[in-house]
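Mapping of the sequence shown onto the numbering used here: residues 122 to 379, in sequence order. Quick notes on the structure that follows.
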Amino acid sequence: MSTRKPYVGGNWKMNLKQDSAGALARGVVDSCEPWQGSVDIAVFPALPYLLSVHSIIRSHATTIAVGSQDVYHEDDGAFTGEVSCAMVADCGCKSVLAGHSERRHVIGETNAQVNLKVRAAIEADLDVVLCVGETLEQREAGQTDTVNAQQVREGLAEVGQRQMDRVVIAYEPVWAIGTGKTATPEDAQDAHAKIRGLVGEIYNPDVAERVRIIYGGSVKPSNAASLFGQPDIDGGLIGGASLKVEDFAAIVRAAAEG
Ligand code: 13P
C-alpha cells in the first residue's frame, strides 16, 4: 500500500436492529482500537440506527466515523421518505455513500442523481464515498473500463479540485458483491490504476496521487491482505464481513499492515 492513509468502511446495508447494531458498534470500537490512528474507519448503519450508533461511538472517544448509506440531494421540503445531508449530519454522520451498486441497480439511480448526492454531501461538509463498478454483463462485454470511467466522470461532474479531499472512490464490481467472488488482486489493481489515471486527467496528478480508491466485493479476512497489498488499493468497503466483529477487525488490521 502507498503512503495514502488506508480507509475501511463497514456497509451494514439493510441489516441488524437497534440492539444488534449497538452491539456491533461496541464490538467494532473495542476490536479496532489498535488501528484507529493508522486507518480511517467508518461504519454505515441503516438510517434508523444512525443516532444510537453515533451515541455509542461518541461515548468511546474513538476516531471511528458513522456514515449514512444514502442521502437525498435537496436540503428540505416535500420529499416524502427522503433524508437530507443536514439531517444525517445532525445525527452525527461524517460521511455518506453515494451510488452504491444496490442503489444503482436495484433502486435505479442514475449517474446524474449520484452526482447531485456527491455535490450535496460535499456542500454539507460531509465526506463522500463514490461507488462505481461494472456488472457481469458489462465485464463480459469488455466494458469494465468505460463503465467505470463514465461513473467516475459523471459522478464527479462539477466537483472542484479542492473538494476532492472529501472524496473516496470505491470500486465495487457488481458481480463480486455478496457473491463470494472477488476480483483477483491483479484485476482489481488494474481497475484502480485506471480510475486513478482518470482522476489525474480530470484534475491533476497531485489529486490522483492523494485520492483514496478502495475495493469492495466479498472482501474477507482471507483475501484482504492480498488486495490491500496492491499499490493502488487503499482499503475496502466491506459488506457481509463487516457484520462480524472479528472479521471486520481482521480486515482493518490487514489495511493497517498493508
Ligand atoms: P460484500 O462484502 O458483502 O460483497 O458487499 C460489498 C459491498 O457492497 C460493500 O458496499
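Ideal placement from N, C-alpha and C gives every residue a C-beta, glycine not left out. Quick caveat, the model's predicted, so the values are computed rather than measured.
- Query: Is the beta carbon of Leu171 less than 8 Å from the beta carbon of Val187?
  - Reply: By 1-based counting over the sequence shown, the position of residue 171 is 50. By 1-based counting over the sequence shown, the position of residue 187 is 66. The answer is yes: Cβ separation under 8 Å.
- Cβ of Ala375 within 7 Å of any heavy atom in the ligand 13P? On the sequence shown, position 254 is the one that residue 375 refers to. Ala375: no, Cβ never under 7 Å from the ligand 13P.
- Task: Write down every uninterrupted run of the beta strand (DSSP E) in the region 261–294 whose length is 3 residues or greater and which is fully enclosed by it, in chain order.
- Result: 288–292
- Kindly list the residues whose CB is nearer than 7 Å to the CB of Thr201, restricted to its own chain and excluding five residues on each side of it in sequence; keep chain order. For the purposes of this step, residue 201 is taken as residue 80 along the sequence shown, with counting starting at 1. Nothing meets the Cβ criterion.
- Item | Beta-bridge partners of Cys153, as assigned by DSSP | Taking the first residue of the sequence shown as 1, we reach residue 153 at position 32. Cys153 is not bridged to any residue.
- Query: Candidates Gln139, Asn136, Pro155, Ala144: which alpha carbon is nearest Ala371's?
  - Reply: Against the sequence shown, residue 371 aligns to sequence position 250. Taking only the C-alpha atoms, the option nearest Ala371 is Pro155.
- Message: For Ile162, count the other beta carbons within 10 Å of its own beta carbon; 16 or more makes it buried, fewer makes it exposed. Which is it?
- Response: In the sequence shown, counting from the first residue as 1, residue 162 sits at position 41. Counting Cβ neighbours within 10 Å, Ile162 comes out buried, since at least 16 surround it.
- Residues near Arg374 by beta carbon distance below 7 Å, same chain, minus five either side: Your numbering for residue 374 matches position 253 in the sequence shown. So the qualifying residues of the chain are Trp156.
- Message: If you measure between the beta carbons of Val62 and Val174, is that distance less than 8 Å?
- Response: Lying outside 122 to 379, the shown extent of the chain, residue 62 is not represented and no answer is given.
- Query: Within 7 Å: the Cβ of Gly299 and any heavy atom of the ligand 13P?
  - Reply: Taking the sequence shown and counting its residues from 1, one reaches residue 299 at position 178. Yes, since a heavy atom of the ligand 13P falls inside the 7 Å radius drawn around the Cβ of Gly299.
- Query: What number of angstroms, rounded off, separates the C-alpha of Val209 from the C-alpha of Ser189?
  - Reply: The residue labelled residue 209 in the question sits at position 88 within the sequence shown. The residue labelled residue 189 in the question sits at position 68 within the sequence shown. For Val209 and Ser189, the distance between alpha carbons rounds to 7 Å.
- Beta-carbon proximity list for Pro306, same chain, < 6 Å, skipping 5 on both sides: On the sequence shown, residue 306 is found 185 positions in, with the first residue counted as 1. Counting only Cβ-Cβ distances below 6 Å, and skipping sequence neighbours, we find Ser347, Leu348, Gln351.
- Message: I'd like to check one pair, Asn236 with Gly276: are the Cβ atoms closer than 8 Å?
- Response: Numbered from its first residue, the sequence shown carries residue 276 at position 155. Numbered from its first residue, the sequence shown carries residue 236 at position 115. Result yes, Cβ atoms of Gly276 and Asn236 sit closer than 8 Å.
- Message: Please state the DSSP three-state secondary structure of Cys252.
- Response: Reading the sequence shown from its first residue, position 131 is the one you call residue 252. The answer is strand: DSSP assigns Cys252 an E or B state.
- Taking DSSP as the reference, what is the three-state secondary structure of Ser216? Taking the sequence shown and counting its residues from 1, the one referred to as residue 216 is at position 95. Strand, per DSSP.
- Item | Chain-order list of residues whose beta-carbon lies under 7 Å from that of Cys212 (same chain, five-residue window excluded) | Taking the sequence shown and counting its residues from 1, the one referred to as residue 212 is at position 91. Leu171, Leu172, His175.
- Item | Chain-order list of residues whose beta-carbon lies under 8 Å from that of Ile185 (same chain, five-residue window excluded) | Here residue 185 refers to the residue found at position 64 when the sequence shown is read from its first residue. Result list for Ile185: Val149, Val150, Cys153, Gln157, Ile162, Ala163, Val164, Ile178, in chain order.
- Query: Three or more beta-carbon pairs under 8 Å between the region 355–363 and the region 126–136, yes or no?
  - Reply: yes
- Considering only the beta carbon of each residue, do Val280 and Ile243 sit closer than 8 Å? Along the sequence shown, read from residue 1 onward, the residue named residue 280 stands at position 159. Along the sequence shown, read from residue 1 onward, the residue named residue 243 stands at position 122. Yes. Within cutoff.
- Proximal residues to Ala329 (C-beta, below 6 Å), its chain only, five neighbours per side dropped: Here the question's residue 329 lines up with position 208 in the sequence shown. Here the set comprises Arg317, Val320, Gly321.
- Which class does Phe200 belong to by DSSP, given the choice of helix, strand or coil? Residue numbering aside, residue 200 sits at position 79 when the sequence shown is read from its first letter. Coil.
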